[in-house]
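Down below is the structure, laid out as structure tokens.
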Amino acid sequence: MEPATAAAACPRLLVSLLLVLSCFVSPELVHGQPDALGFISIDCGIADGPSYPDESTRGLRYVSDAGFVDAGAGANAGINPPYSDRELAARYLTVRHFSGGAARSCYTLRGLSPGGRYLVRSSFYYGNYDALNRLPSFHLYLGVNRWAAVNVTAPDDILIFEAVVVSPADFFQVCLVDIGQGTPFISGLDLRPLRAAMYPEATVNQSLLLLNLRRPAARFALNRYHFWRPASFYKIYRYPFDSYDRIWQSYGDIAAWTNITTTANVDVSKASSFDAPPVVLRSAATPVNGTRLEFSWSPDTSQNNDSSSAAYLLLLYFAELQQLPGNVLRRFDILVDGASWNGSRSYTPKYLSAEVVEQVVVQGSGQHTVSLVATPDAILPPILNAFEIYSLRQMTELATNNGDAKAMMGIRTTYMLKKNWMGDPCAPKAFAWNGLNCSYSSSGPAWITALILSSSLLTGAVDPSFGDLKSLQYLDLSNNSLSGPIPDFLAQMPSLKFLHCCCNSRIGNNANICDNGASTCAPNDKQKNRTLIIAIAVPIAVATLLFVAAIIILHRRRIKQVRLDSRYMDGK
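Heads up: the sequence shown is residues -32 to -1, 1 to 540, going by mature numbering (1 follows the signal peptide of the UniProt record, and there is no 0).
Listed below in structure tokens is the structure:
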């Protein structure tokens, strides 16, 4: 649909005639890329410069976020004492905050594989960086879909959010959205590639959000737990123990539980859909006395889960760590809220062979409980080696089609346009870029149909990225300082109906079209614009026989009228 301020569509001939008013040059777009492992590890808030090794991951190299956000977006700040005086990873000592008034501020992660599966992790540590002691709240988005609410409840809170996503394009965006309750900020952002077979529940249309509930013994509010003890020593396993750099936390020391361990290798080949690291599976929790092991979880308010319809993916990891005599049996029932797990039979873990038992649970109450209950014939109590809980999030908001999105990013970079041009050009609708009209569909991506860049201080050549907007019908480049060689591709744009280029600098060998002493450029005056376009187009067109022929054929009536007017004037 054309914008309300647009003039009526011109014949396609005029598009061809106005090609002489445009030209194309596009500087190469440079963004941060994954490292040799395919990892992107960003320390937000440090100055642009060389990467550094992170001690907590035994050498993963973190880089500045300068290559992942628009130049000038946000500002860097350091954490203030006493919050900076603690044993923290380096990425928690600085933040990038976005206090410029933009509704949405985004990071663009490039160099990805379309359809590839990735773990995305964002981290936040306020640490009174602004010396105001004002705890902010804002929203976090995966591309164009809401991920979580970031609610800082204490200056020393470390908030981490993880998701498993399928990237629809060769780039992916993570955005912070200002909701008027404090300045959005971020400490770190990580992306890790996963094998194609891992977490098959994740699709382009559905992401897995790791449940974000904090336990007293846990450093972070992430529901991915192991059962090594004591918890004070075996706090966290991540890279290099987990080749995908997932964070596995200790569940804590439960008085009614003990743990069994082994130094033997645990075969994980039968659990390859989730690839838990063997070190995590070499320990298991089991009751000290009794025949039951239980844990519970509740809805995650940060993910805005509706209590009646939210669905969770529950992953339980089992491996028998003791070589049992033939007459000793470990067998147990797996119950969720008192009901048998998918109606399955009792379960017996296999010796030194890991398996994953998974189930999707639909939220129907305020709390869920998983119970492992020994069967009457069992000699030994149940065990549990590790577990993960994810919320299933439908990606209902559809992004701009990949070609249009990349074209707009190229245009934004070429002309260093700020406006509100952050994140996806068309989606969500509330954050659509100024100057665009988009065509939306319930079953496919959005397409850009109109682009108005009049009076936008555009200088130099017209970027060739305009030619990649395949559904563009209306293009307004008036009142700028564009110049350069004559372009060829505008005539090949399949949908373009109206091109408005008045009041630009010398293009080709044609002087500034408003510098003729007879007319002025008024983009909001439809009649003046139409008259001006025709006045310029006809003299240029008659310079070639092809254009003259086209004018004679397509504008026969207009030419007749001009001749009648001439006779009338001669007669007077």
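Cβ atoms here follow ideal geometry from the backbone N, Cα and C, with glycine treated the same way.
Helix, strand or coil at residue i [DSSP, three-state]
| i | result |
| --- | --- |
| S433 | helix |
| D22 | strand |
| D33 | helix |
| Q335 | coil |
| T364 | coil |
| G311 | helix |
| S241 | coil |
| F457 | helix |
| D483 | Residue placement at D483 is poorly supported in this model, since its pLDDT is 43, which falls under 50; the coordinates still yield a value, given next. Here D483 sits in coil by DSSP. |
| R59 | helix |
| S270 | helix |
| A398 | helix |
| R182 | coil |
| V296 | coil |
| W415 | strand |
| A279 | strand |
Sequence-distant residues of the same chain with beta carbon closer than 7 Å to residue i, five excluded per side
| i | result |
| --- | --- |
| I502 | Since pLDDT at I502 reaches only 38, below the 50 mark, its modelled position is unreliable, and no value is offered. |
| P246 | N233, V234, V236 |
| R160 | F7, Y86, L87, Y212, D213 |
| A117 | S105, H107, S270, N272 |
| T76 | H(-2), F36, F139, Q141 |
Between the CA atoms of residue j and residue i - distance to the nearest angstrom
| i | j | result |
| --- | --- | --- |
| Q174 | P136 | 11 Å |
| S451 | M363 | 42 Å |
| N448 | F140 | 32 Å |
| A224 | D124 | 31 Å |
| N96 | Q460 | 55 Å |
| P462 | S439 | 7 Å |
| Y408 | P455 | 30 Å |
| D11 | E130 | 16 Å |
| L283 | A354 | 8 Å |
| F434 | G150 | 37 Å |
| residue 541 | R250 | What is shown of the chain runs -32 to 540, which leaves residue 541 out entirely. |
| L103 | A189 | 18 Å |
| R299 | L292 | 12 Å |
| F106 | W389 | 19 Å |
| T229 | I351 | 11 Å |
| Y20 | C471 | 50 Å |
| V296 | D221 | 27 Å |
| W115 | T343 | 40 Å |
| D301 | E323 | 15 Å |
| N113 | T226 | 42 Å |
| G17 | D3 | 15 Å |
Delimiting residues of the alpha helix (DSSP H) encompassing residue i
| i | result |
| --- | --- |
| N370 | 370 to 383 |
| P246 | 246 to 249 |
Own chain residues within Cβ distance below 6 Å of residue i, not counting five before or after
| i | result |
| --- | --- |
| L366 | P413 |
| F153 | V63, H65 |
| G84 | S135 |
| G371 | D436 |
| Y219 | Y193, F195 |
| K387 | N402 |
| S422 | D444, S446, N447, P491 |
| P208 | R26 |
CB contact check: residue i to chain B, cutoff 7 Å
| i | result |
| --- | --- |
| Y167 | The structure shown has no chain B; it contains just one protein chain. |
First through last residue of the beta strand (DSSP E) which encompasses residue i
| i | result |
| --- | --- |
| V142 | 139 to 149 |
| I8 | 8 to 11 |
| C394 | Element bounds for C394: n/a, residue is neither H nor E. |
| E262 | 260 to 265 |
| L127 | 126 to 134 |
| P161 | 156 to 161 |
| V324 | 323 to 330 |
| V256 | Where V256 is concerned, there is no enclosing beta strand (DSSP E), given that its DSSP letter is neither H nor E. |
| Q174 | 174 to 178 |
| L108 | 105 to 110 |
| T231 | First-last for T231: undefined, no H or E at that position. |
Contact set for residue i: own chain, Cβ-Cβ below 8 Å, skip 5 residues either direction
| i | result |
| --- | --- |
| A400 | P393, C394, C406 |
DSSP bridge partner residues for residue i (one or two, in chain order)
| i | result |
| --- | --- |
| T427 | S449 |
| V341 | R260, D301 |
| W216 | Y205 |
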